[in-house]
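S.K.: One structure, pasted below without further comment.
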DNA sequence: GCGTTGTTGTCCATATTATGGACAGAACCA
DNA sequence: TGGTTCTGTCCATAATATGGACAACAACGC
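Protein chains in written order, with our numbering: chain A, 3 to 265; chain B, 3 to 265.
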């Protein structure tokens, strides 16, 4: 009876739309499942909603064409109508355009697979990939791959570049989803701290066995990290010396991209 | 108190998600506004919802990143996160792939601008465009353009190819949106009847002054129209004789596409 | 200046709507 | 055949979303 007026202007998360927010949370989990989709139980676990609620949401979204169900597996996936809605927007994003020359340059210089990953909500989303000239390439992550912030080196880099309290809040929000990626809050927080010290994100053990990744963050003019640039390679190819070299190239190019989107 | 069990299995549109359905209705209207966006009042008018409701929905969607607001005009538009969700799906649709050779062939043969338009819900959505060799081209419709079924020749063609009651239902549902396109239910129904007789859709007066359009429908194996192929040109270039020629080419290619997606 | 019209934004009592515990069915396995 | 793990459905209930009414602001005319 006393916080009625005080809290309204600041960060009150606008009421009267629980169902819509929940539906979007479901959609974002489904998006992480790509074409293959996600079983209902996993959506329940990842969102923390009850099963009847998720079931209802998912089936309404199916009726609306926003979600599809794989007839074979019974899994739920992002439907046809989502790309159709997306057509309303102009094709390539500002970042993608700005990053293009840097990706080309760095890819040629480094020779290993290069990824551009953006932050979207509590997830990372791979939006570009360049294959290098070295004969062994790590291609496990495809354009469109989406993961909770924290489970990839790109996610760690992005979290490391934001204020610690904000990063902690996101990690806490993603906690329920870490299990599926064989990690946990403590590990993630440790990696974030390490990345802050180093100046870039690093994972000795990538999501694929025997790979190693290095990521630098890219900040928007307002100082918030919006994306990351990542190199992935077989571990043996990224010893301490080369790690240093690669990191320097990535840091240089990240700065160039920051300037391009800043101006 | 008597229809409790009877109607449940057939086409009961699953309850418990009014808000989600409404949010999607809003999104689809916003999608029609492309980058420029749509003023709130127009969303209200087009959806038939009340203003407070639309306002609430739109602002929640903004908080979620699904909708953006143009700072200059105050209009609302589809946001960043929609294409990001869309990345979860594999790139080019089955239809787009199947239609590609036909579009190329017809475009070369006809020389005027060619469009491929799909049905999505109660809208048409332009998904491909080929520019011909003739020096005057009608380029007003871009890939991503979305309009209520019935206002373009493509929409009329698609409606003409479905069972009359279903077409009437869609036209009725779109009624509130026709005004913005300077047409009305009676006109649209008349055009649909004419298209059924002709075997293809036609508009003497395109949405742009002085243009004329011809559209043939494309049906999926289950017999439902899913898309339309359209030629637009300045009216003088599409006299009765040439109209016949163009229609024949379009009908031929439509059939080829139908076979390609059927097998 | 001052009404007029056309916007968008907000409040809050209310009834409609979404919720989730409990139950049921289906598929798989030993 | 009983156990386990999944999805689907029901319905009383509480919480949620609703929309009428009011407010604020801008642009325009005179």
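C-beta atoms are modelled at their ideal positions from N, C-alpha and C, and glycine is treated no differently.
All values derive from a computational prediction rather than experimental measurement.
Hey, is residue 142 of chain A's beta-carbon within less than 9 Å of any beta-carbon in chain B?
M.R.: No, no contact with chain B.
S.K.: Under DSSP, the beta strand (DSSP E) around residue 230 of chain B begins and ends at which residues?
M.R.: It spans 227-236 - the beta strand (DSSP E) in which residue 230 of chain B sits, taken as one unbroken run.
S.K.: Beta strand (DSSP E) containing residue 80 of chain A: first to last residue?
M.R.: Element bounds for residue 80 of chain A: 78-80.
S.K.: List the residues of chain A whose Cβ lies closer than 7 Å to the Cβ of residue 23 of chain B, in chain order.
M.R.: Result: 62 and 66.
S.K.: Only counting the same chain, and skipping five residues up and downstream in sequence, which positions put a Cβ closer than 7 Å to that of residue 151 of chain B?
M.R.: Here the set comprises 121, 124, 125, 126, 157, 160, 161, 172 and 176.
S.K.: Since residue 85 of chain B meets chain A, which of its residues come closer than 7 Å, beta carbon to beta carbon?
M.R.: Near residue 85 of chain B (Cβ distances below 7 Å), the residues of chain A are 88 and 91.
S.K.: Any idea what DSSP makes of residue 69 of chain A, helix, strand or coil?
M.R.: Three-state DSSP puts residue 69 of chain A in a strand.
S.K.: At the 9 Å Cβ level, is residue 190 of chain B part of the contact set with chain A, yes or no?
M.R.: No, no contact with chain A.
S.K.: At a Cβ threshold of 9 Å, is residue 76 of chain B touching chain A?
M.R.: Judged by the 9 Å Cβ criterion, residue 76 of chain B is not in contact with chain A.
S.K.: Assuming residue 22 of chain A contacts residue 25 of chain B under a Cβ cut-off of 8 Å, what Cβ separation, rounded to an integer in Å, is found between them?
M.R.: The Cβ separation is near 5 Å, so the contact holds.
S.K.: Please list, in chain order, the chain B residues whose beta carbon lies closer than 8 Å to that of residue 228 of chain A.
M.R.: Near residue 228 of chain A there are no residues of chain B at all, since even the closest Cβ is about 11 Å away, more than 8 Å.
S.K.: Determine whether the beta carbon atoms of residue 206 of chain B and residue 237 of chain B lie at a separation below 9 Å.
M.R.: Yes, Cβ-Cβ distance for residue 206 of chain B and residue 237 of chain B is below 9 Å.
S.K.: If you check the beta carbons only, do residue 153 of chain B and residue 130 of chain B fall under 9 Å apart?
M.R.: Cβ atoms of residue 153 of chain B and residue 130 of chain B: not closer than 9 Å.
S.K.: Let me know if residue 248 of chain B comes out buried or exposed under the rule of 16 or more other beta-carbons within 10 Å of its beta-carbon.
M.R.: Residue 248 of chain B comes out buried.
S.K.: Would DSSP call residue 48 of chain A helix, strand or coil?
M.R.: Here residue 48 of chain A sits in helix by DSSP.
S.K.: Contact criterion: CB-CB distance below 9 Å. Does residue 129 of chain B meet it with respect to chain A?
M.R.: Chain A, which has a Cβ nearer than 9 Å to the Cβ of residue 129 of chain B, makes this yes.
S.K.: Any chance you could list the alpha helix (DSSP H) runs of at least 4 consecutive residues sitting entirely within the stretch 133-186 of chain B, in chain order?
M.R.: DSSP runs (the alpha helix (DSSP H)) wholly in the stretch 133-186 of chain B: 155-162 and 166-180.
S.K.: Here's the rule I'm using: 16 or more other beta-carbon atoms within 10 Å means buried, otherwise exposed. How should residue 227 of chain B be labelled?
M.R.: Burial call: buried.
S.K.: Quick check on residue 6 of chain A: does DSSP put it in helix, strand or coil?
M.R.: Note that residue 6 of chain A has pLDDT 33, beneath the 50 cutoff, so the model's placement of it is unreliable and the number below is only indicative. Three-state result, residue 6 of chain A: coil.
S.K.: For a quick check, are the C-beta atoms of residue 115 of chain B and residue 134 of chain B less than 9 Å apart?
M.R.: Result yes, Cβ atoms of residue 115 of chain B and residue 134 of chain B sit closer than 9 Å.
S.K.: On the criterion of 16 or more Cβ atoms from any shown chain inside 10 Å, does residue 141 of chain A qualify as buried, or is it exposed?
M.R.: The residue in question, residue 141 of chain A, is exposed, as its Cβ has fewer than 16 Cβ neighbours within 10 Å.
S.K.: Would the stretch 84-102 of chain B and the stretch 78-92 of chain A be scored as touching if the rule is three or more Cβ pairs under 8 Å?
M.R.: Flag = yes, the stretch 84-102 of chain B and the stretch 78-92 of chain A touch.
S.K.: On the DSSP bridge list, what partners appear for residue 217 of chain A?
M.R.: Per DSSP, A/203 and A/232.
S.K.: Could you have a look at residue 105 of chain A and say whether DSSP puts it in helix, strand or coil?
M.R.: Helix.
S.K.: Hey, could you find the ends of the alpha helix (DSSP H) residue 248 of chain A is sitting in?
M.R.: Here the alpha helix (DSSP H) through residue 248 of chain A covers 242-264.
S.K.: Using a C-beta to C-beta distance shorter than 7 Å, which residues of chain A count as neighbours of residue 19 of chain B?
M.R.: Correct list: 21, 58, 59 and 62.
S.K.: Would you mind reading off the limits of the beta strand (DSSP E) that contains residue 121 of chain A?
M.R.: Run containing residue 121 of chain A: 115-122, per the beta strand (DSSP E) assignment.
S.K.: Let me make sure I understand the geometry here. Which of A/179, A/192 and A/93 has the alpha-carbon closest to that of residue 166 of chain A?
M.R.: Comparing Cα-Cα distances from residue 166 of chain A to each of A/179, A/192 and A/93, the minimum goes to A/192.
S.K.: Among B/203, B/103 and B/40, which has the Cα closest to the Cα of residue 217 of chain B?
M.R.: Per the Cα distances, B/203.
S.K.: What do you get for residue 3 of chain B, buried or exposed, if any count of 16 or more other CB atoms within 10 angstroms of its CB means buried?
M.R.: Model confidence at residue 3 of chain B stands at a pLDDT of 31, short of 50, so the residue's coordinates are unreliable; what they give is reported in the following sentence. Exposed, by the Cβ-count rule.
S.K.: Bridge partners of residue 127 of chain B, per DSSP?
M.R.: Per DSSP, B/120 and B/148.
S.K.: Quick check: is the beta carbon of residue 37 of chain B nearer than 9 Å to any beta carbon in chain A?
M.R.: Output row for residue 37 of chain B: interface = yes.
S.K.: Within the 9 Å Cβ cut-off, does residue 101 of chain B reach chain A?
M.R.: No, because no Cβ of chain A sits closer than 9 Å to the Cβ of residue 101 of chain B.
S.K.: If we define contact as Cβ-Cβ less than 9 Å, is residue 79 of chain A a contact residue for chain B?
M.R.: Yes, contact with chain B.
S.K.: Between the Cα of residue 244 of chain B and those of B/91, B/190 and B/113, spot the shortest distance and give me the residue it belongs to.
M.R.: Ranking the options by Cα distance to residue 244 of chain B, first place goes to B/113.
S.K.: Taking only beta-carbon atoms, is residue 49 of chain A less than 9 Å away from chain B?
M.R.: No, residue 49 of chain A does not count as interfacial toward chain B.
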